[in-house]
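Undergrad: One structure follows; several queries about it will come next.
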């Protein structure tokens, strides 16, 4: 096994500069994400290069840095949302952006670990238009790579000044993530109707754990390493958790009505997989006749296009949009209640707007 190699542009953000400060001042969410990724990537690459060469290659493949076999390539490695939240969390607490780099590396490693295992559990063959790690390397190797990334995340924090508090915060978030993932897997066996059906409240709890816990941890972890007081850490964690619910609801909508050319997902893919997403669950709660027809169609495994039309007729799409807006308002309330540096708080709001309005 040849391992991997990757070229890193370490000059993208000048030493000591803030990715969101006066010298950079990105005016868009894309600019904020790009600058934060540029700040974090050298440290992320350095961490991954310390792994066993084969395991490091699988990690690099998952980040979009190489092909199978280690040949360098430029592929989509995701938005880097959690990295950005960690950097902005440090800045919002009044610390330099670089204070959040270790937090950004840790949460990105944990996020990628969770994706590797999630793809295996869901049987997903592709991610970001490439074969998933388990399809490219095998199930056992993918599990090993995920385990290595998790261990590396803990090691990264433990070696950082103030890292003990960070490890405790990350551990709590991971407990919630596992709880949310367990609920998500169990939802598949529950009926579409009747007293044992999955309701919107159960979905919110699942989404907060599965998606929101790590988003909240990212922002809070940057603040912890930046020396923020407990009330600031709590506010950022709360904001991230509400953001996670909003993000997941919007993702559910894109899974039904999104443009495959933009989302990279097949049209009606979630409906074919019979996932209990928020628009479906909200539509089933409606008292209108379309909701009853929808329940019968779902139980029979009917046509996805007809199912999508009934979800919309029963108000599922409108309910999902309203839910996303409620969660956004809760994020705003959490941010407004904490003593945050204004510029970083504005950048957090810019990211929020971008994430919730994705192609809807």
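Residue numbers (this note's numbering): 214 to 573.
Quick reminder that beta carbons are idealized off the backbone N, C-alpha and C, glycines included.
Quick one: which unbroken alpha helix (DSSP H) runs of 4-plus residues sit fully inside the segment 311 to 395? Chain order, please.
TA: Assignment of alpha helix (DSSP H) within the segment 311 to 395, counting only whole runs of 4 or more residues, yields 314 to 335, 346 to 350, 352 to 371 in chain order.
Undergrad: For residue 264 versus residue 272, is the C-beta spacing smaller than 8 Å?
TA: yes
Undergrad: Are the Cβ atoms of residue 445 and residue 306 separated by less than 8 Å?
TA: yes
Undergrad: Tell me whether the beta-carbon of residue 314 lies closer than 8 Å to the beta-carbon of residue 253.
TA: The Cβ-Cβ distance between residue 314 and residue 253 falls below 8 Å.
Undergrad: Counting C-beta neighbours from all protein chains within 10 Å, is the total for residue 321 16 or more, i.e. buried, or is it exposed?
TA: buried
Undergrad: Report the rounded CA-to-CA distance for residue 245 versus residue 560, giving the unit in angstroms.
TA: 7 Å
Undergrad: Figure out for me which residue from 355, 543, 292, 485 has the closest Cα to the Cα of residue 518.
TA: 485
Undergrad: On the three-state DSSP scale, how would you describe residue 404?
TA: coil
Undergrad: Which partner residues does residue 279 have in the DSSP bridge list?
TA: 285
Undergrad: Assuming residue 497 contacts residue 406 (C-beta within less than 8 Å), just tell me the rounded distance between them.
TA: 7 Å
Undergrad: Figure out for me which residue from 269, 354, 544, 333 has the closest Cα to the Cα of residue 450.
TA: 544
Undergrad: Can the beta-carbon of residue 394 be found closer than 8 Å to that of residue 423?
TA: The beta carbons of residue 394 and residue 423 sit closer together than 8 Å.
Undergrad: So, using beta-carbon positions, are residue 437 and residue 378 closer together than 8 Å?
TA: yes
Undergrad: Within 10 angstroms of its Cβ, does residue 384 collect 16 or more other Cβ (buried), or is it exposed?
TA: Around the beta carbon of residue 384, a 10 Å sphere encloses fewer than 16 other beta carbons of the protein chains shown; the residue is thus reported as exposed.
Undergrad: With three or more C-beta pairs closer than 8 Å as the rule, is the segment 539 to 556 touching the segment 451 to 463?
TA: yes
Undergrad: Just curious, the alpha helix (DSSP H) that residue 241 is in, first and last residue?
TA: Segment: none, residue 241 is in no alpha helix (DSSP H) and carries neither H nor E.
Undergrad: DSSP three-state label for residue 411, please.
TA: Assigned with DSSP and collapsed to three states, residue 411 falls in coil, not helix or strand.
Undergrad: Could you give the distance in angstroms between the alpha-carbon of residue 500 and the alpha-carbon of residue 274?
TA: 48 Å
Undergrad: Going by CA-CA distance only, name the one from 525, 335, 510 that's closest to residue 400.
TA: 335
Undergrad: Could you give the distance in angstroms between the alpha-carbon of residue 537 and the alpha-carbon of residue 278?
TA: 33 Å
Undergrad: Can you name, in chain order, every residue of its own chain whose Cβ lies under 6 Å from the Cβ of residue 228, other than the five neighbours on each side?
TA: Bear in mind that a pLDDT of 39 at residue 228, under 50, signals an unreliable position, so the number given afterwards is only what the model happens to contain. So no residue of the chain qualifies.
Undergrad: If you pair each beta-carbon of the segment 500 to 511 with each one of the segment 466 to 475, do three or more pairs fall below 8 Å?
TA: no
Undergrad: Which ranges would you report for the beta strand (DSSP E) in the segment 451 to 526 if only whole runs of at least 3 residues count?
TA: none
Undergrad: I'd like to check one pair, residue 434 with residue 390: are the Cβ atoms closer than 8 Å?
TA: no
Undergrad: Identify whether residue 442 lies in helix, strand or coil by the three-state DSSP scheme.
TA: coil
Undergrad: If you draw a straight line from the alpha carbon of residue 312 to that of residue 369, how long is it in whole angstroms?
TA: For residue 312 and residue 369, the distance between alpha carbons rounds to 13 Å.
Undergrad: Using 8 Å as the threshold, is the C-beta distance between residue 386 and residue 380 below it?
TA: no
Undergrad: Taking C-beta to C-beta, are residue 554 and residue 304 nearer than 8 Å?
TA: yes
Undergrad: Taking Cβ to Cβ, would you say residue 318 is nearer than 8 Å to residue 260?
TA: Yes, they are a contact pair.
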